[in-house]
Amino acid sequence: FWGYPSEEYDVVTEDGYILQLNRIPHGRANARCQGARPVALLQHGLLAEGSTWLTSLANSSLGFILADAGYDIWIGNSRGNSWSRRHLALSPKQEEFWAFSFDEMAKYDLPAMISFIEEKTGQKQLYFIGHSQGTTIGFIAFSTMPQLAQKIKMFLALSPVTTVIFTQSPFRKLAFFSDYRLKEMFGTREFLPHTTVGQLLLSRVCICSKVCKSILAMIFGFNWKNTNMNAVPIFASLRSRRAANPLAWCIICCIPATSPVCESPFPSPQVGPPLYDVKDMEVPTAIWSVGLDCVADPRDIALLLP
1 FWGYPSEEYD VVTEDGYILQ LNRIPHGRAN ARCQGARPVA LLQHGLLAEG
51 STWLTSLANS SLGFILADAG YDIWIGNSRG NSWSRRHLAL SPKQEEFWAF
101 SFDEMAKYDL PAMISFIEEK TGQKQLYFIG HSQGTTIGFI AFSTMPQLAQ
151 KIKMFLALSP VTTVIFTQSP FRKLAFFSDY RLKEMFGTRE FLPHTTVGQL
201 LLSRVCICSK VCKSILAMIF GFNWKNTNMN AVPIFASLRS RRAANPLAWC
251 IICCIPATSP VCESPFPSPQ VGPPLYDVKD MEVPTAIWSV GLDCVADPRD
301 IALLLP
């Protein structure tokens with residue numbers, strides 16, 4: 001793609017999910033550079049997939065930019081999206097396949113991918129770059145698994161989501177519904193499955209930029225001065241290919257917390273969702289906040305700062 005080398009691998013998690021892991025081992029102009037390259041793992045956000053890091057032009061897609069800068073790029077795909085819909089024993093048609101949340105993505109998906117990369121490259125540490133849900137699973141994994149945290153040279157969190165006290169997205173309204181009602185509304189399997197009609201509809205709707213702007217701005221928040229409107233129909237059609245467990249949306253419905261913790265919406269042996277305290281996470285971390293983000297509100301992100 002765009003003249004870059006590409007490799008594809010299957011990674012099996014401890015609980016049997018088969019994840020697709022993609023690699024760009026080098027850029028277009030630095031293939032002959034000798035020595036080990038620094039490794040970077042890019043992890044997508046909610047309702048997304050690894051291709052989000054590569055869907056723009058080569059000079060404006062982070063995956064390609066980092067490859068040209070000399071990094072060995074690995075791109076993860078969380079369970080349930082278009083490229084990670086396989087399991088050793090379950091089918092996506094079975095309800096059991098979708099019985100997961102970002103909690104399992106943190107406990108099983110991320111460790112499996114990092115271990116695979118370590119084995120393949122021989123490098124003991126890597127840079128982890130996450131966006132939205134990608135940061136959530138990073139904070140959970142690195143705060144609860146110290147041995148995994150030691151393998152992270154730096155955690156770069158783009159629009160991190162750990163609390164949703166101030167979120168302005170309409171999805172905040174889901175907090176008023178019970179688990180039973182949410183299951184009735186969205187089901188217990190995949191959410192927004194890929195269909196040809198859906199892909200066509202989204203790409204057509206976004207040709208009308210005013211309609212597309214209004215919808216996307218209301219749900220996610222956008223700085224349209226930094227958005228290539230000619231590419232929006234492409235982004236929209238790709239988004240319709242992504243699937244997720246509908247209850248993963250409950251990340252938006254977390255009970256407001258007064259300290260930076262993540263709350264899992266899924267049942268556990270304890271009373272209420274498990275809490276993940278990220279204050280003592282011993283990983284060098286850099287955070288990026290977007291002022292108009294309706295989900296990762298800058299005031300929520302500020303709670304992560306010392």
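Residue numbers (UniProt numbering): 1 to 306.
For each residue, glycine too, the CB sits at the ideal point set by N, CA and C.
Asked                                                                                                                                                                     : Found
Sort Glu96, Leu46, Phe97 and Lys93 by Cα distance to glycine 76 and report the nearest one.                                                                               : Leu46
Check the C-beta distance from glutamate 49 over to tryptophan 98 and give it rounded, since I have them as a contact under 8 Å.                                          : About 16 Å separates the two Cβ atoms, so there is no contact after all.
May I ask you to list the residues that DSSP assigns as paired with valine 12?                                                                                            : Ile18
Would you be able to state if there are at least three C-beta pairs under 8 Å between the region 104-121 and the region 87-94?                                            : no
In three-state DSSP terms, what is leucine 62?                                                                                                                            : helix
So the beta strand (DSSP E) leucine 88 belongs to, where does it begin and stop?                                                                                          : That residue, leucine 88, is in no beta strand (DSSP E); it is neither H nor E in DSSP.
Quick one: grab the DSSP three-state call for lysine 153.                                                                                                                 : strand
Looking at the structure shown, is tryptophan 74 part of a helix, part of a strand, or coil, going by DSSP?                                                               : strand
Taking the beta strand (DSSP E) that alanine 40 belongs to, which residues open and close that run?                                                                       : 39-43
Hey, aspartate 15 and glutamate 104: beta-carbon distance below 8 Å or not?                                                                                               : yes
Name the two residues that bound the continuous beta strand (DSSP E) containing isoleucine 137.                                                                           : From DSSP, isoleucine 137 is part of no beta strand (DSSP E) but of the alpha helix (DSSP H) over 133-144.
Look at the alpha carbon of serine 166 and the alpha carbon of isoleucine 137, and state the distance between them as a whole number of angstroms.                        : Checking the sequence shown, residue 166 turns out to be phenylalanine, not serine. Taking the straight line from one Cα to the other gives about 20 Å.
Can the beta-carbon of serine 61 be found closer than 8 Å to that of tryptophan 53?                                                                                       : yes
Let me check understanding here. Comparing Cα to Cα, which of Arg23, Phe64, Trp2 and Thr121 lies closest to alanine 36?                                                   : Thr121
Glutamate 95: which of His44, Gly80, Asp109 and Gln147 sits nearest, CA to CA?                                                                                            : Gly80
With a threshold of 8 Å on Cβ separation, who are the neighbours of alanine 29 within its own chain once the five nearest residues in sequence on each side are excluded? : Asp68
When we look at the beta-carbon of leucine 57 and count the other beta-carbons within 10 Å, is it buried (16 or more) or exposed?                                         : exposed
Where isoleucine 301 and aspartate 72 are concerned, what is the direct C-alpha to C-alpha distance, given to the nearest angstrom?                                       : 29 Å
Output yes or no for whether 8 Å exceeds the beta carbon distance between valine 39 and isoleucine 117.                                                                   : yes
Helix, strand or coil: which one does DSSP assign to proline 265?                                                                                                         : The pLDDT assigned to proline 265 is 46, lower than 50, so where the model puts this residue is not dependable, and the model offers no usable value.
Who does tryptophan 288 pair with in a DSSP beta bridge?                                                                                                                  : Leu158
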